[in-house]
Structure formats: structure tokens, C-alpha cells
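Student: Residue numbers (the working numbering): 194 to 448.
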Ligand SMILES: C[S@@+](CC[C@H](N)C(=O)[O-])C[C@H]1O[C@@H](n2cnc3c(N)ncnc32)[C@H](O)[C@@H]1O
């Protein structure tokens, strides 16, 4: 259906990120090999952790990585801010999954590893990341790992600075438009999810921040976490500003 016509015929609604995207998220992400990703994460546990048993995935989305880690016999749990993403994650795997926010989460248990993957940390401001690092320092066991990934500015400029995509699945249609505001280092993505069965267009506006890589090391200063490495893609090669995706590994000092 022509976009202009859909806008005219259908009722429009602005919604919070991931409320409507949740329904198509796994289809949008079907290029991602979560099994391979889980292999890499387990490899990082073995390389830099000590006997990692209890793992939590903050911003777990629809639980694909949790499911892959469960298949590798890891004891995992996850949380996400989006109720809709959590509902889908619970259908995928039996591990504990709940709704919570990385900025304010409350956790009584200690974890051997805390994950935050697929650009999730880039939804947070510097102040929020600083608070998160501090909090993770408190919820990790001594020697525990914090692993997260980010995309670099060169990646964003290569692929997402001016990107549009349209995908159709039966009665659902998704339009994605991405742009980058260089002086704010902010990546903007607008999703329109068109539900033809219910004559509705839902619009989500996502903003992510593309921090210089050194920011994360500087921010970890007071957190009790020590920088272990920044690795390019799914390797142990040192990542830099020209890389696409970087995995950061931080470790809480062992007592
Ligand atoms: C790009 S998705 C990644 C999901 C999952 N980690 C994956 O690899 O598929 C980003 C996820 O982060 C979640 N998220 C964003 N901000 C959050 C916050 N402050 N607290 C918890 N989850 C958050 C979103 O709801 C979404 O599920």
C-alpha cells in the first residue's frame, strides 16, 4: 500500500520504542546468528572469567541470546524495559525473565556475568551509563564480568547515516528510516509499523548515542570495574574507531 494512502486511511499512534516493533523484532533480526553470538560470549567467559555460572542479560529483548545460552547449558536470567519484548522472551525460553530498567533495576542476587548486547547500552545517556557501571560493580561477584557491545561512529556513517527500508509480512508492514546527527553523535531511527488488519499506523522513534570508544573506559573509573579489553566483532583483535562492532569486557576486581 502506498505510504501516503495508508497515512490518510489509517489511524496514527506514536508509541514507546519496542511496544509495536516487538511483534516483528525477530523477523527484523533474522540475519543475526544468536547461536554464534552465544558461542563467542561463552568463549569470553572462559577466557576472562572464573567459573561463570550465573548470568544476567540486561535489555534481553525477545530472549534470543538467552535461549541460545540455555541451549549451551548456561544458567541465565534476563530483563528488559519493554513489556512486549519480555512477553515474547518468556515464550522462547523457560529461564527467569522480568520487566526492569537498566537505569533503575533492583537486584538482590549476585551475578558472575552481566550482559548488555546489540547496541542496547547506546540507548542510555552518559550519566545513565555511569550509574549503570556503578550498579553493575555492586551486583557482580568478585571477578565477575560485564560484557556489552557498541557500534562505532564509522559503522553508523557507513550503514545507517541515511538508510530506508520497507518490509512487508502479510498484514504487517514496516518502514524504517535512519539518520545520524553528527554534532550530537545521535543515531535516530523511526519505525512505522502498519497493521492493515486494524487500520493502524504505529510510529516509534528511537535515539541511540554513538560514544567515542574511550568514553566507556573513562566512565568506568569509579565503578569498581576494571577494563579488560575492547574486541573487534567476534574476535579477540583489539577494536578501534574503524571497526564495526566492539565487545567491551570489564571485570570486577577479585577480593
Ligand atoms: C536492539 S534491542 C537488543 C535486544 C537484545 N539484547 C538482542 O540482542 O536482540 C535493544 C533492547 O534494549 C531494551 N532497552 C532499551 N533501553 C532499556 C533500558 N533502559 N532498560 C532495559 N532495557 C532497555 C529495549 O527494550 C530492547 O529490547
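Glycine included, every Cβ here is placed at the ideal spot set by N, Cα and C.
1. Can you find a heavy atom of ligand 1 that lies under 7 Å from the Cβ of residue 278?
2. With hydrogens ignored, establish whether the beta-carbon of residue 222 is closer than 7 Å to any heavy atom of ligand 1.
3. Taking residue 418 as the reference, which of 327, 402, 425, 355 has the closest Cα?
4. Quick check on the DSSP output: what are the complete alpha helix (DSSP H) runs of length 4 or more inside the segment 208-257, in order along the chain?
5. Does DSSP classify residue 414 as helix, strand or coil?
6. Please name the residue or residues paired with residue 355 in a DSSP beta bridge.
7. Locate the beta strand (DSSP E) running through residue 306, then write down its first and last residues.
8. Between the beta-carbon of residue 329 and the beta-carbon of residue 440, is there less than 8 Å?
9. Given that a residue counts as buried once 16 or more other Cβ atoms are within 10 Å of its Cβ, and exposed if not, what is residue 278?
10. Please name the residue or residues paired with residue 393 in a DSSP beta bridge.
11. Examine the Cβ distances between the segment 280-300 and the segment 252-266 and report whether three or more of them are shorter than 8 Å.
12. Taking only heavy atoms of ligand 1 into account, decide whether any of them is closer than 7 Å to the Cβ of residue 404.
13. Take residue 318 and list the residues in its own chain whose beta-carbon comes closer than 8 Å to its own, dropping the five residues that flank it on each side.
14. Measure the CB-CB distance between residue 332 and residue 288 and report whether it falls below 8 Å.
15. Does the distance from the C-beta atom of residue 350 to that of residue 359 stay below 8 Å?
16. Got a sec, what are the start and stop residues for the alpha helix (DSSP H) residue 330 sits in?
17. Indicate the three-state DSSP secondary structure (helix, strand or coil) for residue 377 in the structure shown.
18. With the cut-off set at 8 Å, would you say residue 231 and residue 261 are in Cβ contact?
19. So, using beta-carbon positions, are residue 345 and residue 437 closer together than 8 Å?
20. Measure the C-alpha to C-alpha separation of residue 424 and residue 237 and round it to an integer number of angstroms.
21. Can you list, in chain order, the residues of its chain with a C-beta nearer than 8 Å to that of residue 480? Leave out the 5 residues immediately preceding and following it.
22. State the CB to CB distance for the pair residue 273 and residue 292, rounded to an integer number of angstroms; the pair is presumed to be in contact (CB under 8 Å).
23. Report whether the distance from the Cβ of residue 436 to the nearest heavy atom of ligand 1 is below 7 Å.
24. For residue 409, which three-state DSSP category applies?
25. Residues in the same chain with beta-carbon distance under 8 Å from residue 280, minus the five sequence neighbours each way, listed in chain order, please.
26. Whole-angstrom Cβ separation of residue 442 and residue 338, contact assumed at under 8 Å?
Tutor: Judging by the given coordinates:
1. What you label residue 278 is simply residue 85 of the chain shown in a count that begins at 1. Yes; taking the cut-off as 7 Å, the Cβ of residue 278 has a heavy atom of ligand 1 nearer than that.
2. Here residue 222 refers to the residue found at position 29 when the chain shown is read from its first residue. For ligand 1, at least one heavy atom lies less than 7 Å from the Cβ of residue 222.
3. To locate residue 418, count along the chain shown from 1; it is residue 225. Among 327, 402, 425, 355, the Cα nearest to that of residue 418 belongs to 327.
4. Within the segment 208-257, the complete alpha helix (DSSP H) runs of at least 4 residues are 215-221, 227-241.
5. Taking the chain shown and counting its residues from 1, one reaches residue 414 at position 221. The answer is coil: DSSP assigns residue 414 none of H, G, I, E or B.
6. For the purposes of this step, residue 355 is identified with residue 162 of the chain shown, where counting begins at 1. DSSP output for residue 355 lists 372 as bridge partner(s).
7. Residue numbering aside, residue 306 sits at position 113 when the chain shown is read from its first letter. Taken as a continuous stretch (DSSP letters only), the beta strand (DSSP E) holding residue 306 covers 304-309.
8. Within the chain shown, numbered from 1, the residue matching residue 329 stands at position 136. Within the chain shown, numbered from 1, the residue matching residue 440 stands at position 247. For the 8 Å CB-CB criterion, residue 329 and residue 440 do not form a contact.
9. Within the chain shown, numbered from 1, the residue matching residue 278 stands at position 85. Residue 278 should be labelled buried.
10. Position 200 of the chain shown, counted from the start, is the residue given in the question as residue 393. As computed with DSSP, residue 393 is found in a beta bridge with 204, 388.
11. Three or more Cβ pairs drawn from the segment 280-300 and the segment 252-266 lie within less than 8 Å of each other, which places the two stretches in contact.
12. As a first step, residue 404 is located in the chain shown; it is residue number 211 there, counting from the start. It does not: the Cβ of residue 404 is nowhere closer than 7 Å to a heavy atom of ligand 1.
13. For the purposes of this step, residue 318 is taken as residue 125 along the chain shown, with counting starting at 1. So the list reads 402, once near-sequence residues are dropped.
14. For this step, residue 332 is matched to residue 139 along the chain shown. For this step, residue 288 is matched to residue 95 along the chain shown. A distance of 8 Å or more separates the beta carbons of residue 332 and residue 288.
15. As a working mapping, residue 350 is identified with position 157 in the chain shown. As a working mapping, residue 359 is identified with position 166 in the chain shown. In this structure, residue 359 does not lie closer than 8 Å to residue 350 by Cβ.
16. Position 137 of the chain shown, counted from the first residue, corresponds to residue 330. First-last of the alpha helix (DSSP H) with residue 330: 319-332.
17. Within the chain shown, residue 377 is the residue found at index 184, counting from 1. Residue 377 falls in the helix class under three-state DSSP.
18. Looking up residue 231 in the chain shown gives position 38. Looking up residue 261 in the chain shown gives position 68. Cβ atoms of residue 231 and residue 261: closer than 8 Å.
19. The residue you call residue 345 lines up with position 152 of the chain shown. The residue you call residue 437 lines up with position 244 of the chain shown. Cβ atoms of residue 345 and residue 437: closer than 8 Å.
20. If you number the chain shown from 1, residue 424 lands on position 231. If you number the chain shown from 1, residue 237 lands on position 44. Their Cα atoms are separated by approximately 10 Å.
21. This structure cannot speak to residue 480, because the chain is shown only from 194 to 448.
22. If you number the chain shown from 1, residue 273 lands on position 80. If you number the chain shown from 1, residue 292 lands on position 99. With 8 Å as the limit, residue 273 and residue 292 qualify as a contact, their Cβ atoms being about 7 Å apart.
23. Looking up residue 436 in the chain shown gives position 243. Incorrect: residue 436 has no Cβ contact closer than 7 Å to ligand 1.
24. For the purposes of this step, residue 409 is taken as the residue at position 216 of the chain shown. Here residue 409 sits in helix by DSSP.
25. Residue 280 sits at position 87 when you count from the first residue of the chain shown. Excluding positions up to five away in sequence, the list reads 215.
26. Looking up residue 442 in the chain shown gives position 249. Looking up residue 338 in the chain shown gives position 145. About 6 Å separates the Cβ atoms of residue 442 and residue 338, confirming a contact at the 8 Å cut-off.
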